[in-house]
Ligand SMILES: [Ca+2]
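Numbering (my numbering), first residue to last: -6 to 288.
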């Protein structure tokens, strides 16, 4: 059978659970699969365009779980959201990110470790891409360079909600659980250390207020349209972040990643898939154009 190239060769398991006649039943099927296409690049017009525009440089795509600058699956992305409604909650393991007001205010934090690049690499350009899948209203979201370390954490959703709703709450838009020591939240960059202002809110302290670039929300790249509104549904959003990436390579200790922040006073919000999203090809990616160090 044909399989998507994002599933590696090896042994896999499918667990099927169902309920009937007051019983919970479960079957687990094990199968072995060969996928010689795994690891082959997934087509991305931006990657192809950047490679063509920089014939003397290399292009690496850093995306959690997929081969990056080397052959090993990349594991250097940390991302999470902050939610003012649950100011002590951590969301590090949720499968989406949010920027803008959605009930409460939300900020997205994302960091890519660049140590997978060859030592001494010279950054030509870097482009951050997130897959937008839900939102409303004006959705201008800008990237800013983070000035402080923060703990991604592994929060998913609160125990009190798990007790009440069961696991089906895990995929909802709310959730998170009380931040543990070292994990971030609206109130903490790494508990118990607070932000300069809650919600990574202090320019010049929590983040560099100079925006790195404008977003390119490009509905022309949308996958499908909403039946009622006829608005584009889901598409990649890209930001140029080369100036930050140059600094991260020369000064790795200053790589605290990026804050993705909606415009002040903006009513719109945007949801993106995170680096925990089950479909690897829709996870956030950093496209890095670089020249290896000359020997
Ligand atoms: Ca995460």
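Even for Gly, the Cβ is constructed at its ideal location relative to N, Cα and C.
inquiry  = Let me confirm a value: residue 120 is counted as buried when at least 16 other C-beta atoms fall within 10 Å, else exposed. Which label applies?
reply    = buried
ask   = Taking residue 134 as the reference, which of 41, 232, 249 has the closest Cα?
value = 232
beta-carbon residue 76 near ligand 1 non-hydrogen atom, thresh 7 Å = no
key: Boundaries of the beta strand (DSSP E) in which residue 142 is found, first to last residue   = Taken as a continuous stretch (DSSP letters only), residue 142 belongs to no beta strand (DSSP E), as it is neither H nor E.
query = If we count the other Cβ atoms within 10 Å of its Cβ and call it buried at 16 or more, is residue 153 buried or exposed?
reply = Low confidence applies here, because residue 153 scores a pLDDT of 49, under 50, leaving its location unreliable and the question unanswered by this model.
task = Please check the pair residue 93 and residue 259, which I expect to be a contact at CB under 8 Å, by giving their CB distance rounded to whole angstroms.
result = 6 Å
task = Look at the Cβ atom of residue 201, then the Cβ atom of residue 138, and state whether they are nearer than 8 Å.
result = yes
ask   = Hey, which unbroken runs of the beta strand (DSSP E) at 3 residues or more fall wholly within the stretch 100 to 133?
value = 115 to 129
ask   = Under the criterion of a Cβ to heavy atom distance below 7 Å, does residue 186 qualify as lining ligand 1?
value = no
task = Report buried or exposed for residue 230, applying the criterion of at least 16 other Cβ atoms within 10 angstroms of its Cβ.
result = buried
query = Is the distance from the Cβ of residue 97 to the Cβ of residue 261 below 8 Å?
reply = no
request  = Counting only the same chain and skipping the five closest in sequence on each side, list residues whose C-beta sits under 7 Å from that of residue 166.
outcome  = With a pLDDT of only 44 at residue 166, under 50, the local geometry of the prediction cannot be trusted, and the value read off the model is given with reservation. Nothing meets the Cβ criterion.
ask   = Closer than 7 Å: is that where the CB of residue 204 sits relative to any heavy atom of ligand 1?
value = no
task = Using only the heavy atoms of ligand 1, determine whether one of them is closer than 7 Å to the beta carbon of residue 106.
result = no
task = Helix, strand or coil for residue 260, going by three-state DSSP, please let me know.
result = coil
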